[in-house]
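Peer 1: Quick note on UniProt numbering: the sequence shown kicks off at 1 and runs consecutively.
Cβ coordinates follow ideal geometry from the N, Cα and C atoms, glycine included.
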Amino acid sequence: MAQRTDRAASFGQNLYLDTRGAAGKPVPFTAAVVNGLAAGGGLYVPQELPTMTVEEITALASLPYAERAATVYKAFNIDLPDSTIDELMGRAYGENFDDAAVCPITSLDESTHILELWHGPTSAFKDMALQCLPHFFSASAAKLRDEGALDHEFMILVATSGDTGKAALEGFSGVDGVSIGVLFPDGGVSDIQRKQMVTTTGDNVRVWAVRGNFDDCQTGVKRAFSDAAFAEKLAEECSVALSSANSINWGRLLPQVVYYISSYAELIAQGKIAAGDEIDICVPTGNFGNILAAWYAKQIGVPVGMLLCASNDNRVLTDFINTGTYDISDREFILTSSPSMDILVSSNLERQLFELTGRNAEAISQWMADLSERRCFRVDPETFARVRESFNADSIDNATCLTTIKKVHDEHGYLLDPHTAVAYAAAQNLRGENPVLIASTAHWAKFGDNVYRALHGLEPGEPLPEEVAALTGCQLNERIAQEAERSDIPAGLANLDTMEVRFTEVIDNDVEAIESAAEAFLRR
Numbered sequence: 001m002a003q004r005t006d007r008a009a010s011f012g013q014n015l016y017l018d019t020r021g022a023a024g025k026p027v028p029f030t031a032a033v034v035n036g037l038a039a040g041g042g043l044y045v046p047q048e049l050p051t052m053t054v055e056e057i058t059a060l061a062s063l064p065y066a067e068r069a070a071t072v073y074k075a076f077n078i079d080l081p082d083s084t085i086d087e088l089m090g091r092a093y094g095e096n097f098d099d100a101a102v103c104p105i106t107s108l109d110e111s112t113h114i115l116e117l118w119h120g121p122t123s124a125f126k127d128m129a130l131q132c133l134p135h136f137f138s139a140s141a142a143k144l145r146d147e148g149a150l151d152h153e154f155m156i157l158v159a160t161s162g163d164t165g166k167a168a169l170e171g172f173s174g175v176d177g178v179s180i181g182v183l184f185p186d187g188g189v190s191d192i193q194r195k196q197m198v199t200t201t202g203d204n205v206r207v208w209a210v211r212g213n214f215d216d217c218q219t220g221v222k223r224a225f226s227d228a229a230f231a232e233k234l235a236e237e238c239s240v241a242l243s244s245a246n247s248i249n250w251g252r253l254l255p256q257v258v259y260y261i262s263s264y265a266e267l268i269a270q271g272k273i274a275a276g277d278e279i280d281i282c283v284p285t286g287n288f289g290n291i292l293a294a295w296y297a298k299q300i301g302v303p304v305g306m307l308l309c310a311s312n313d314n315r316v317l318t319d320f321i322n323t324g325t326y327d328i329s330d331r332e333f334i335l336t337s338s339p340s341m342d343i344l345v346s347s348n349l350e351r352q353l354f355e356l357t358g359r360n361a362e363a364i365s366q367w368m369a370d371l372s373e374r375r376c377f378r379v380d381p382e383t384f385a386r387v388r389e390s391f392n393a394d395s396i397d398n399a400t401c402l403t404t405i406k407k408v409h410d411e412h413g414y415l416l417d418p419h420t421a422v423a424y425a426a427a428q429n430l431r432g433e434n435p436v437l438i439a440s441t442a443h444w445a446k447f448g449d450n451v452y453r454a455l456h457g458l459e460p461g462e463p464l465p466e467e468v469a470a471l472t473g474c475q476l477n478e479r480i481a482q483e484a485e486r487s488d489i490p491a492g493l494a495n496l497d498t499m500e501v502r503f504t505e506v507i508d509n510d511v512e513a514i515e516s517a518a519e520a521f522l523r524r
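1. Quick one: give me the first and last residue of the alpha helix (DSSP H) that L292 is part of.
2. Between which two residues does the alpha helix (DSSP H) harbouring F230 extend?
3. Can you name the start and end residues of the alpha helix (DSSP H) that G220 belongs to?
4. Report buried or exposed for N77, applying the criterion of at least 16 other Cβ atoms within 10 angstroms of its Cβ.
5. With DSSP as the reference, label I405 as helix, strand or coil.
6. Tell me the residue span of the alpha helix (DSSP H) that contains L455.
7. Closer than 7 Å by C-beta to R206: which residues in its own chain qualify, once you throw out the five before and the five after it? Chain order, please.
8. My parser needs the beta strand (DSSP E) runs of 3 or more residues fully inside the UniProt domain "Threonine synthase N-terminal" (16-93); what are they?
9. Which two residues bound the contiguous alpha helix (DSSP H) that contains V316?
10. So S140 and V257 are supposed to be a Cβ contact under 8 Å. How far apart are they, rounded?
11. If you draw a straight line from the C-alpha of H16 to the C-alpha of A149, how long is it?
12. Would you please state the rounded distance, in angstroms, between the beta carbons of C309 and A427? I believe it to be under 8 Å.
13. Terminal residues of the continuous alpha helix (DSSP H) containing D380?
14. Residue range of the alpha helix (DSSP H) that A101 falls in?
15. Let me confirm a value: V302 is counted as buried when at least 16 other C-beta atoms fall within 10 Å, else exposed. Which label applies?
16. What's the C-alpha gap between A275 and F172?
17. Out of P121, E87, A168, E55, state which residue places its alpha-carbon closest to the alpha-carbon of I489.
18. Assuming contact is defined by CB atoms lying nearer than 8 Å, are L183 and V158 in contact in what I supplied?
19. Tell me where the beta strand (DSSP E) around I364 begins and ends.
20. Over what stretch of residues does the beta strand (DSSP E) that includes L115 continue unbroken?
21. If you drop the 5 nearest sequence neighbours on each side, which residues of the same chain put their C-beta closer than 8 Å to that of A31?
22. Considering just the uninterrupted stretch of the alpha helix (DSSP H) at N429, what are its terminal residues?
23. Mapping DSSP to helix, strand and coil, what is T200?
24. Please classify A23 as buried or exposed, where buried requires at least 16 neighbouring CB atoms within 10 angstroms.
25. Please report the distance separating the alpha-carbon of A363 from that of W250.
26. Can you tell which of A294, S179, C103 has the C-alpha that lies nearest to the C-alpha of T201?
27. Within this structure, are the beta carbons of V501 and G220 separated by less than 8 Å?
28. So, are the CB atoms of F230 and I321 less than 8 Å apart?
Given below as structure tokens:
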């Protein structure tokens, strides 16, 4: 695992390793951020982790969120000046969030706490990282240019299951020296999510629907990243290199670590727990980045008992955590009420296994090769035992997801989105005696059709009543808000019907089509 270092003792500039051992010597934070993916397809992880005492974590509660984030970044000894970190955090976490706390906690009872990660401009937890990453990306690129280590611009290529796409577009729109292209599964995101993406403004943005599912999008992007000939062509003809804003980029993951550290301090400040009390954390999980961030927070010093992995009907992660075998060789991809979790190939599990094997790049390379070639791998008994030390997992079916939304609303007057409902239901099944912090990953209004089904007792996938089906996503949200006596629809979701649709192109789900679309965009 990562070497844990006393924060009081400087360990110098922190460097980043490659999970597959193919990238050569470790690189600094700035290079890890602009590269996105390591050479050979591996992911970057920090060579060393800081530690924070419970007293240091508790002290964060006296600071605004931007300063909490800056404190954690500085503890990682990234290769940017402290003054730059302070400035960038102030820009990342300010009036662009609709709550001064940035990610407030709502307690449903004395031991069930909802961490609301959706108060940013796109109403999803991805804003917590993607309002931050573009600033660090620009600062990192500028630093590398000043050092003579960089002489090109970038194209950010993003595969999304719904939320990352708009959050990345919002974050990188108008950023100098960066173009961003987003690919989403055609028919595989909610109406609101699609409208958010295809109405994005900015000259440096482009959106494509892909014929296929999220795994097709993600696989195509990964293959484009690993295509040396394509990289050479972009460099020579466009003076551009590809990079990533998905959670494969460490610059996306570190901001997520921050909010788990911050939330522990907040629970203490609110008197919900005492300093040093253990909590469990339950995370609705698809690509494994969000729950991995909670694991890193635990290593840094947050007193976490168990990490509870909540899956939907695409239960590959639950099966892996319960058996040690990751098998998608004969697994059906299921469209669910929680579409942002409809994922079979979970990219960030690679980082987790790298840590749990004691950073065994050879084992990781073999397992990832097995997954690519055979669609299956099994970890060794020692690694599986380490998985079980930190993780429990459960999968929640579509019907239970919807009944949970209604149950929580009826009992607590609180409206969950489908992904958070999956986590809430899993937490009730898995929890022990510890208080549970549930990561709430999106505002309910991003998934109005399924929230309506839940509140009206309709079955998953059951057609909406004709008059309801005729409503736009925004109109449906207004109706739900009236019926549920709510007035909390974010402005960014309420005005989508008035926005111009800019992007309508649908492309095939192969790497050639993705590369062709990206190249055409760059040559615009």
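Peer 2: From the atom records:
1. The residue given as residue 292 occupies position 292 in the sequence shown. From DSSP, the alpha helix (DSSP H) with L292 extends over 289-300.
2. The count along the sequence shown starts at 1 and reaches residue 230 at position 230. It spans 228-238 - the alpha helix (DSSP H) in which F230 sits, taken as one unbroken run.
3. The sequence position of residue 220 within the sequence shown is 220, counting from 1. Going by DSSP, G220 is part of the alpha helix (DSSP H) stretching over 214-225.
4. Translated into positions along the sequence shown, residue 77 becomes position 77. N77 should be labelled buried.
5. As a working note, residue 405 is residue 405 in the sequence shown. Looking at I405 - three-state DSSP - the assignment turns out to be helix.
6. Taking the first residue of the sequence shown as 1, we reach residue 455 at position 455. Run containing L455: 448-455, per the alpha helix (DSSP H) assignment.
7. In the sequence shown, residue 206 corresponds to position 206, counting from 1. Cβ within range, chain order: G181, F503, F521.
8. Segments of the beta strand (DSSP E) lying fully in the UniProt domain "Threonine synthase N-terminal" (16-93): 44-46, 48-51.
9. Along the sequence shown, one-based indexing puts residue 316 at 316. Residues 316-323.
10. To locate residue 140, count along the sequence shown from 1; it is residue 140. To locate residue 257, count along the sequence shown from 1; it is residue 257. Incorrect: roughly 18 Å between the Cβ atoms, too far for contact.
11. Working through the sequence shown from its first residue, we reach residue 16 at position 16. Working through the sequence shown from its first residue, we reach residue 149 at position 149. The sequence shown places Tyr at residue 16, rather than the His named in the question. Computed Cα separation, rounded: 17 Å.
12. The residue given as residue 309 occupies position 309 in the sequence shown. The residue given as residue 427 occupies position 427 in the sequence shown. C309 to A427, Cβ: 11 Å. No contact.
13. Taking the first residue of the sequence shown as position 1, residue 380 is located at position 380. Unbroken run through D380: none, as it is neither H nor E.
14. As a working note, residue 101 is residue 101 in the sequence shown. Looking at the DSSP string, A101 is not in any alpha helix (DSSP H), and its letter there is neither H nor E.
15. Position 302 of the sequence shown, counted from the start, is the residue given in the question as residue 302. Result: buried.
16. The residue you call residue 275 lines up with position 275 of the sequence shown. The residue you call residue 172 lines up with position 172 of the sequence shown. A275 and F172 have their C-alpha atoms some 38 Å from each other.
17. Mapped onto the sequence shown, residue 489 falls at position 489. With distances taken between Cα atoms, I489 lies closest to P121.
18. Position 183 of the sequence shown holds residue 183. Position 158 of the sequence shown holds residue 158. For L183 and V158, yes; Cβs fall inside 8 Å.
19. Here residue 364 is taken as the residue at index 364 of the sequence shown, counted from 1. I364 -> not in any beta strand (DSSP E); alpha helix (DSSP H) instead, spanning 361-374.
20. Counted from its first residue, the sequence shown places residue 115 at position 115. It spans 112-116 - the beta strand (DSSP E) in which L115 sits, taken as one unbroken run.
21. Taking the first residue of the sequence shown as position 1, residue 31 is located at position 31. Result list for A31: Y16, S140, L144, A149, in chain order.
22. Within the sequence shown, the letter at position 429 stands for residue 429. Note, N429: alpha helix (DSSP H), 418-430.
23. Counting from 1 along the sequence shown, the entry for residue 200 is found at position 200. In this structure, T200 counts as coil in the three-state DSSP scheme.
24. On the sequence shown, residue 23 is found 23 positions in, with the first residue counted as 1. Buried: at least 16 other Cβ atoms inside 10 Å.
25. Within the sequence shown, the letter at position 363 stands for residue 363. Within the sequence shown, the letter at position 250 stands for residue 250. Roughly 21 Å between the two C-alpha positions.
26. Within the sequence shown, residue 201 is the residue found at index 201, counting from 1. That would be S179, whose Cα lies nearest to the Cα of T201.
27. Locating residue 501 in the sequence shown gives position 501, counting from the first residue. Locating residue 220 in the sequence shown gives position 220, counting from the first residue. No. Outside cutoff.
28. Locating residue 230 in the sequence shown gives position 230, counting from the first residue. Locating residue 321 in the sequence shown gives position 321, counting from the first residue. Remark: C-beta atoms of F230 and I321 do not approach each other more closely than 8 Å.
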